[in-house]
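Each residue of the sequence shown is one higher than the one before, starting from 190 at the first, in my numbering.
Backbone N, C-alpha and C define an ideal beta-carbon position, used for all residues, glycine too.
Here the structure is a predicted model, which is why all the values come from computation and not from measurement.
One structure is given below, encoded as structure tokens.
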Amino acid sequence: MRLGPLSIRTRLTLWYTGLLLTILVLIGGLSYHVLAWTLAQDVDASLVTVAQVIRDAGYSTSGAAPGSDAEAALRDLLGPEFHDKFFQFLGPRGQPNPRAGSLRQRSLPLSSRARQNAVRGKRTFETVSLDRGEPVRLLTLPVQGAGDPSEIIQVGLSLRRVQGALGRYLQILLALVPLGVGLAAGGGAVIARAALAPVNDMSRTARRITAENLARRLAPRGAHDELDHLAQTLNGMLARLEEAFGQMRRFTADAAHELRTPLTALRGGIEVALRARRSPEEYRRVLVGSLEEVNRLVRLAEDLLLLSRSAAGATGLRVRVELEPLLLEVLELGARLAHGTGVEVRLAGVEPVAALGDSSALRRALLNLVENAVKYTPSGGTVELSLARTDRWAVLVVADTGIGVDPAEAERIFEPFVRLDEARSRETGGSGFGLAIARSVAVDHGGSLSLESLPKAGSRFTLRLPAA
Ligand code: ADP
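Okay, structure coming up:
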């Protein structure tokens, strides 16, 4: 079976639960070992105490009669605990001590290590298993006489109770850890659901937003947290989308309007021509007028195409374009355009620079600037072109001494279909696309197009392209 992608809620809960389980298992294991160690220390400490009591009471070394009296005395001393303990006396080399023979029937084993230690005067702790498998902790303690150990005391304590306590603790851990993890998983799932509920709300609202109602916004909850920040970010994006959609609608409406004007003129001319019988000269005149309108339409279609291509970054191949010959070519075209208008088109300075780009799009952008400069400069004025290089940029400038642009309109004229001087532009045949195309080409090439202008004094367009 293949699991589908897990929701964030499930993943959060799983992570959280897994982490908690690991922590609890670690803490459980650690506490179990600490408890076991502490209990073992306690057992050893009580063994030492009992052995010392026996030794100090002198049951083993004095001549006093040992036997059941000693056991009774120890029972008094140590209370009901005593029956768990075993003890015996041995001779200095570990041989059975006849005096202690009656003390207990059960004899404790004496390992060779314990015997050697005892001979050297050292005590030994061991864990041994007595008959019937009873686990016993055993202390072998030499009793120091003058020099040699005069006797060995062995004391044992059953580990049954300690092991029982540890077993119970383990059982409690095994019951409580899964319970705790289960409760935490449930709680974690509830918290994750509550925390992610606003996300679900947001996606529900977002799903209702379409191109038709882009004015809708996600409502921030006022918590100033990450989710509110996300809502703000999405709202910002929606605002930009709304703006872009608005621009697109205006653009479509303007384009339809621009197309309708020449088409209406075309239809009017043809209708009038067809209303009566005409002479060949009259037909010719109508056809020439029609061709003019058709040319306008073709130019408009080309402009639209170039604008949409450069705005989408889909202009032609990027190759190394030498800008100096390009500028000289445009200069010549500009001079031809200005022929007979009384405007002088000249070169102000040129440096060899190249840029990476689409040469025909770049030529078109530059030509639009020069055409405008010639168009909007009255007789007697000049248009100057220059090309320079700064460290990273190729800077192309088209400056004129023409009518200039009001600073308030300086940004607007880069929008498509915007013409400031309607009557004049119509007559000169501009569609209001020239600057939009030039800027779009510049931006598409990683550059920019800016304007400095003073009304009645002239304009200066600066086209910056990254130098190759
Ligand atoms: P058009 O096709 O009308 O020339 P543009 O996009 O090229 O369209 O220019 C938009 C408007 O910007 C023009 O109608 C004109 O009013 C203004 N403009 C452009 N270039 C200049 C200039 N060199 N001097 C003064 N005004 C200019």
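Proximity test, residue i beta-carbon vs the ligand ADP heavy atom, cut-off 8 Å
i, result
"glycine 623", "yes"
"phenylalanine 603", "yes"
"glutamate 560", "yes"
"lysine 645", "no"
"glycine 538", "no"
"serine 620", "yes"
"threonine 571", "no"
"glycine 457", "no"
"phenylalanine 440", "no"
"tyrosine 472", "no"
"glycine 435", "no"
"asparagine 389", "no"
"aspartate 610", "yes"
"valine 594", "yes"
"asparagine 557", "yes"
"serine 575", "no"
"aspartate 589", "yes"
"serine 642", "yes"
"threonine 566", "yes"
"serine 629", "no"
"serine 658", "The chain is shown only over 190 to 657; residue 658 falls outside these bounds and no answer can be derived."
"serine 639", "no"
"serine 392", "no"
"serine 479", "no"
"serine 468", "no"
"serine 549", "no"
Euclidean distance between Cα positions of residue i and residue j
i, j, result
"isoleucine 341", "arginine 321", "25 Å"
"glutamine 145", "alanine 307", "The structure shown has nothing for residue 145, since the chain only spans 190 to 657."
"glycine 425", "leucine 576", "40 Å"
"isoleucine 197", "leucine 210", "20 Å"
"leucine 224", "isoleucine 216", "12 Å"
"arginine 397", "glycine 375", "33 Å"
"proline 469", "alanine 454", "20 Å"
"serine 318", "alanine 373", "43 Å"
"leucine 574", "leucine 520", "7 Å"
"leucine 292", "leucine 219", "Caution applies to leucine 292, whose pLDDT of 44 falls short of 50 and renders its modelled position unreliable; the value that the coordinates give is listed next. Whole-angstrom Cα-Cα distance: 42 Å."
"isoleucine 602", "alanine 395", "36 Å"
"serine 568", "glycine 529", "9 Å"
"arginine 438", "aspartate 633", "22 Å"
"leucine 506", "leucine 585", "21 Å"
"tryptophan 226", "glycine 207", "29 Å"
"valine 461", "glutamate 471", "11 Å"
"glycine 435", "arginine 382", "38 Å"
"asparagine 484", "alanine 408", "52 Å"
"leucine 638", "threonine 651", "6 Å"
Any non-hydrogen atom of the ligand NAD within 8 Å of residue i CB
i, result
"valine 607", "Ligands displayed in this structure: the ligand ADP; the ligand NAD is not among them."
9 Å Cβ cutoff met for residue i and residue j
i, j, result
"leucine 299", "glycine 310", "no"
"valine 508", "leucine 545", "yes"
"valine 559", "glycine 523", "yes"
"valine 572", "valine 542", "no"
"aspartate 443", "threonine 504", "no"
"glycine 538", "glycine 570", "no"
"serine 499", "serine 620", "no"
"leucine 448", "leucine 489", "yes"
"valine 351", "valine 242", "no"
"valine 563", "alanine 657", "no"
"glutamate 604", "alanine 631", "no"
"valine 594", "proline 644", "yes"
"leucine 328", "threonine 313", "yes"
"leucine 486", "leucine 452", "yes"
"alanine 599", "leucine 640", "yes"
"aspartate 589", "glycine 647", "yes"
"arginine 553", "alanine 501", "no"
"glutamate 315", "arginine 304", "no"
"proline 148", "alanine 583", "Residue 148 lies beyond the range of the chain shown here (190 to 657); nothing can be said about it."
"valine 239", "phenylalanine 276", "yes"
"valine 475", "arginine 464", "no"
"leucine 359", "tyrosine 221", "yes"
Whole-angstrom C-beta distance between residue j and residue i, which should lie under 8 Å
i, j, result
"arginine 649", "glycine 636", "With a Cβ gap of about 16 Å, arginine 649 and glycine 636 do not count as contacting."
"aspartate 492", "phenylalanine 622", "4 Å"
"arginine 357", "proline 387", "The Cβ separation is near 47 Å, so there is no contact."
"valine 532", "threonine 566", "5 Å"
"alanine 354", "leucine 228", "7 Å"
"valine 332", "arginine 244", "5 Å"
"valine 370", "leucine 213", "7 Å"
Check your understanding: Looking at C-beta atoms only, is the number of pairs between the stretch 200-215 and the stretch 341-355 that lie closer than 8 Å three or more?
Key -> no
Exercise for review: Check whether the stretch 410-423 touches the stretch 383-395, taking contact to mean three or more Cβ pairs, one atom from each stretch, closer than 8 Å.
Suggested key: For the pair of segments examined, the stretch 410-423 was found to touch the stretch 383-395: the number of CB pairs separated by less than 8 Å reaches three.
**Study point:** Meets three-Cβ-pair contact criterion under 8 Å: the stretch 430-442 and the stretch 398-411
**Key:** With the cut-off at 8 Å, the stretch 430-442 and the stretch 398-411 touch.
Review point. Would the stretch 479-490 and the stretch 508-520 be scored as touching if the rule is three or more Cβ pairs under 8 Å?
Key: no
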